[in-house]
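What follows is a set of notes on a single structure, which appears directly below.
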Amino acid sequence: MAFRLRLASILAFILMAVSVHAFDEGFGVMSKNPSVSPFGNEIAFEADFDGPLNIWISTMGGGSLSKLTNGLNDATTDIWTIRPDGSGLAQLTSKSLNNRQPAWSPNGSQIAFVSDRGGTNDIWIMNADGTSQKRLTTLPGEEDHPSFSPSGAQIVFAETVNDSSVLMVINTDGTGLRTLTAAGFNDWNPSWTGDGILFSSNRDATSEHWKIWHIQPDGTGLGKISDVIGLDPVQLPNNHILLSDEVTDTGAVATVTDLDLVAGTRRIINDIRGRFTPIDIRPESPVNAISPKSKGTVLVAILSRPGFDATVRVDTSTLTFGRTGTQQSFVECEKNSRDVNGDGLADLVCRFNIQQASFQPGDTRGILLFDDLDGSPFEGIDSVKIVTDDDGSDD
Numbered sequence: 330m331a332f333r334l335r336l337a338s339i340l341a342f343i344l345m346a347v348s349v350h351a352f353d354e355g356f357g358v359m360s361k362n363p364s365v366s367p368f369g370n371e372i373a374f375e376a377d378f379d380g381p382l383n384i385w386i387s388t389m390g391g392g393s394l395s396k397l398t399n400g401l402n403d404a405t406t407d408i409w410t411i412r413p414d415g416s417g418l419a420q421l422t423s424k425s426l427n428n429r430q431p432a433w434s435p436n437g438s439q440i441a442f443v444s445d446r447g448g449t450n451d452i453w454i455m456n457a458d459g460t461s462q463k464r465l466t467t468l469p470g471e472e473d474h475p476s477f478s479p480s481g482a483q484i485v486f487a488e489t490v491n492d493s494s495v496l497m498v499i500n501t502d503g504t505g506l507r508t509l510t511a512a513g514f515n516d517w518n519p520s521w522t523g524d525g526i527l528f529s530s531n532r533d534a535t536s537e538h539w540k541i542w543h544i545q546p547d548g549t550g551l552g553k554i555s556d557v558i559g560l561d562p563v564q565l566p567n568n569h570i571l572l573s574d575e576v577t578d579t580g581a582v583a584t585v586t587d588l589d590l591v592a593g594t595r596r597i598i599n600d601i602r603g604r605f606t607p608i609d610i611r612p613e614s615p616v617n618a619i620s621p622k623s624k625g626t627v628l629v630a631i632l633s634r635p636g637f638d639a640t641v642r643v644d645t646s647t648l649t650f651g652r653t654g655t656q657q658s659f660v661e662c663e664k665n666s667r668d669v670n671g672d673g674l675a676d677l678v679c680r681f682n683i684q685q686a687s688f689q690p691g692d693t694r695g696i697l698l699f700d701d702l703d704g705s706p707f708e709g710i711d712s713v714k715i716v717t718d719d720d721g722s723d724d
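Heads up, the sequence shown is in my numbering, so the first residue is 330 and it goes up one at a time.
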């Protein structure tokens, strides 16, 4: 994953280039490689919601979404740290080659990562400040996706040779290298948890797709977790797994999904159906309170940004807004544009009928959909608070 949250200080890794190694290329937005905050209330992931792949942060419920980085490129990659508010950017590696896939040790003192500075992709380790960089593997194949054991004494990773990938384990001092899974398949994206090691694999004989599997650190207990097609598994409490879901109900190539292992259900965290655009529901209100029974209207600002002037690029005839985004609740847009977030850019502010937006008790987000003048789809998401003791309108 390109981003890892660090203990209570919540520092994060940013990978300044990304690859789409296992998903089929196709049209549509993509979100993948999730990482969970220490408190379990936020996730960070890679997504191309507004064009190129960047790092985004979302609440676990999907009610809030914000972009952390701008302009990742695929020339060379290095490892950086940054705080979730975008401050404190610091570069840890700089070798004019590719340093990627960083992973925190459990106590936050070390970082395992992949580097090709030795000619092939190998597992390296360094201190959290970037010092004492040390190569751990010199294998003939390509190593990927390191993950620390809960004790921090070992690292599991994927080793690819001749189109076959196996999981391997090594001590953090470079000793004790051993193979965990048998060759003949592609075992990827290991994530070491207190209950064992989760990973993605195509070893299911009944399907050519990637499924989520589980194995114990001693090589026992190999088994398929679910028939859900996905990658990048992350263990959550209460028998839930976060994963990059390749099968979606929209035009998205991949989404970040919460899989309930007991119920067998999937909940998409951010199901973006178009290029992401920032919006502000009730821009004059500190709390986005909405009363579903209100007969009034609610204001939603479509925020402009460099390269996208909402006041001229939005096809207002395509605007829909509500609990799912498809509600035909559009009333009108203000004739005079205004800068609602103080960034110096004029924003488009539009009015929507609250009852037609179909909000229900328990809803935590509002979704806006539209096409631009070229016919490209866009989607905006902002949090809402459903209330009964407030008119919840902007009339």
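We put the CB at the ideal spot given by N, CA and C, even for glycine.
Since this is a predicted model, take the numbers as computed values, not measurements.
Whether residue i touches residue j by CB criterion (8 Å)
{"i": "N682", "j": "S666", "result": "no"}
{"i": "S476", "j": "A511", "result": "no"}
{"i": "I554", "j": "H543", "result": "yes"}
{"i": "Q684", "j": "K624", "result": "yes"}
{"i": "T631", "j": "D711", "result": "Before going on, a small fix: residue 631 reads as Ile here, not Thr. In this structure, D711 does not lie closer than 8 Å to I631 by Cβ."}
{"i": "G654", "j": "L702", "result": "no"}
{"i": "E371", "j": "T398", "result": "no"}
{"i": "I454", "j": "N428", "result": "no"}
{"i": "I484", "j": "A457", "result": "no"}
{"i": "F486", "j": "E472", "result": "yes"}
{"i": "I541", "j": "V563", "result": "no"}
Residue i to residue j span [Cα, whole Å]
{"i": "F374", "j": "L565", "result": "15 Å"}
{"i": "L509", "j": "G548", "result": "5 Å"}
{"i": "T504", "j": "T522", "result": "21 Å"}
{"i": "D460", "j": "Q439", "result": "The amino acid at residue 460 is misidentified as Asp; the sequence shows Thr. Whole-angstrom Cα-Cα distance: 10 Å."}
{"i": "D718", "j": "S620", "result": "8 Å"}
{"i": "T466", "j": "D502", "result": "10 Å"}
{"i": "L560", "j": "S520", "result": "11 Å"}
{"i": "I715", "j": "P363", "result": "28 Å"}
{"i": "E613", "j": "T626", "result": "14 Å"}
{"i": "I608", "j": "D668", "result": "12 Å"}
{"i": "F356", "j": "G709", "result": "With a pLDDT of 38 at F356, under the threshold of 50, the modelled position of this residue cannot be trusted; read the value that follows with caution. Using only the alpha carbons, I get a separation of about 19 Å."}
{"i": "L628", "j": "P435", "result": "45 Å"}
{"i": "F528", "j": "R652", "result": "34 Å"}
{"i": "K463", "j": "S493", "result": "26 Å"}
{"i": "M497", "j": "I526", "result": "11 Å"}
{"i": "H474", "j": "N450", "result": "10 Å"}
{"i": "A419", "j": "G636", "result": "27 Å"}
{"i": "A686", "j": "F605", "result": "20 Å"}
{"i": "F650", "j": "G695", "result": "7 Å"}
{"i": "I452", "j": "R446", "result": "11 Å"}
{"i": "D533", "j": "G550", "result": "15 Å"}
{"i": "A337", "j": "L426", "result": "Note that A337 scores a pLDDT of 29, beneath 50, so its modelled location is shaky; the value from the coordinates is reported in the next line. Each residue's Cα considered, the two are about 32 Å apart."}
{"i": "E354", "j": "G593", "result": "Model confidence at E354 stands at a pLDDT of 37, short of 50, so the residue's coordinates are unreliable and nothing is read from them."}
{"i": "P656", "j": "S423", "result": "For clarity, residue 656 is Gln in the given sequence; the question names Pro instead. Going by the C-alpha atoms only, they are around 49 Å apart."}
For residue i: DSSP bridge partner residues
{"i": "T522", "result": "G525"}
{"i": "G552", "result": "H543"}
{"i": "R694", "result": "S712"}
{"i": "K463", "result": "I454"}
{"i": "G282", "result": "Look at the range of the chain in this structure, 330 to 724, and you will see that residue 282 is not part of it."}
{"i": "L565", "result": "H569"}
Beta-carbon proximity list for residue i, same chain, < 7 Å, skipping 5 on both sides
{"i": "S633", "result": "A639, T640, L674, A675 and D676"}
{"i": "A351", "result": "Because A351 carries a pLDDT of 31, less than 50, the predicted location of this residue cannot be relied on, and no value is offered for it."}
{"i": "V643", "result": "I631, L677, F699 and D701"}
{"i": "E488", "result": "L468, G470, E472, S494, V495 and M497"}
Cut-off 8 Å between Cβ atoms - residues of its own chain near residue i, not counting five sequence neighbours on either side
{"i": "H569", "result": "D587, L588, D589 and L590"}
{"i": "A482", "result": "N500 and T501"}
{"i": "T647", "result": "L698, F699 and D700"}
{"i": "S480", "result": "P435"}
{"i": "N670", "result": "D609, P612, A630, L632 and D676"}
Bounding residues of the alpha helix (DSSP H) (the contiguous stretch that carries residue i)
{"i": "I683", "result": "I683 to A686"}
{"i": "T717", "result": "Careful: T717 lies outside any alpha helix (DSSP H) and carries neither H nor E."}
{"i": "A639", "result": "A639 to R642"}
Residue i: first and last residue of the uninterrupted beta strand (DSSP E) it sits in
{"i": "R596", "result": "T594 to I597"}
{"i": "K396", "result": "L394 to K396"}
{"i": "M389", "result": "Element bounds for M389: n/a, residue is neither H nor E."}
{"i": "F650", "result": "T649 to G651"}
{"i": "K361", "result": "S360 to V365"}
{"i": "A487", "result": "Q483 to V490"}
{"i": "L468", "result": "That residue, L468, is in no beta strand (DSSP E); it is neither H nor E in DSSP."}
{"i": "R429", "result": "N428 to W433"}
{"i": "A534", "result": "Here A534 belongs to no beta strand (DSSP E), and DSSP marks it neither H nor E."}
{"i": "A443", "result": "Strictly speaking, residue 443 in this sequence is Val, with Ala absent from that position. It spans Q439 to S444 - the beta strand (DSSP E) in which V443 sits, taken as one unbroken run."}
{"i": "T410", "result": "I408 to I411"}
{"i": "F374", "result": "E371 to A376"}
Own chain residues within Cβ distance below 6 Å of residue i, not counting five before or after
{"i": "P706", "result": "G603 and D700"}
{"i": "G704", "result": "none"}
{"i": "G390", "result": "T693"}
{"i": "R335", "result": "The predicted position of R335 is uncertain, since its pLDDT is 32 and thus under 50; a value taken from the coordinates is nonetheless stated next. Excluding sequence neighbours, R335 sits near W433 and G437."}
{"i": "Q545", "result": "G525"}
Test: residue i CB closer than 8 Å to a CB of chain D
{"i": "S712", "result": "Absence of chain D from the displayed structure is noted, only one protein chain being present."}
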